[in-house]
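Written below as structure tokens is the structure these notes are about.
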Amino acid sequence: MARIITALALSGIIAFTGVSAAEGPPHTDAGKGGTRLTSAVSFVPMPPLTAATPLGRSIGGMISAEFSFDIPDARLRARAQAMRPRLQDVLRGALTEYGSSHYRAGGAPDPTQLCAMAQIAVDRAMGGPGVRVLMANVMVTERR
10 MARIITALAL
20 SGIIAFTGVS
30 AAEGPPHTDA
40 GKGGTRLTSA
50 VSFVPMPPLT
60 AATPLGRSIG
70 GMISAEFSFD
80 IPDARLRARA
90 QAMRPRLQDV
100 LRGALTEYGS
110 SHYRAGGAPD
120 PTQLCAMAQI
130 AVDRAMGGPG
140 VRVLMANVMV
150 TERR
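Its first residue numbered 10, the sequence shown is counted upward by one per residue in this note's numbering.
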């Protein structure tokens, strides 16, 4: 009797959520972290990054940015995919440097300067040019 009740409850949950056992989990093409904005093969998404912005001797807020890469060369793209943790670290370093020394509290962030800093950091990590850094958005949340 308990098995029948459990089976009915599970079938009700599956019917309610619209998930079929044959379908499995929902599929995404975003890969590991990041949102896939295009179907271009050369597009490599990265997860969003966040860093603190100082205000005097305390934290003034948070700066968040979404980066991705355009890598037309397949060999370089494979190398960048293998170096994802390192590239994520250099992007976070560039965002932290921008937030702590270039951003002024209360002002609007400068995406051109931030993207240029990220490009320099990625080129240094990859050992040369070939990876184009793209930025989807940048926003600052001030502490109240």
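Yeah, the Cβ is synthetic: ideal placement off N, Cα and C, and Gly gets one too.
Could you pull the start and end residues of the alpha helix (DSSP H) that residue 135 belongs to? 120 to 135
Nearest-angstrom Cα separation, counted from residue 134 out to residue 87: 15 Å
Just confirm the distance between the C-beta atoms of residue 76 and residue 125, as a whole number of angstroms; I'd bet it's less than 8 Å. The pair is not a contact, with the Cβ atoms about 12 Å apart (cut-off 8 Å).
In the structure shown, what three-state DSSP assignment does residue 51 receive? coil
Tell me whether the stretch 141 to 150 and the stretch 69 to 84 touch, counting them as touching only if at least three CB pairs, one residue from each stretch, are closer than 8 Å. yes
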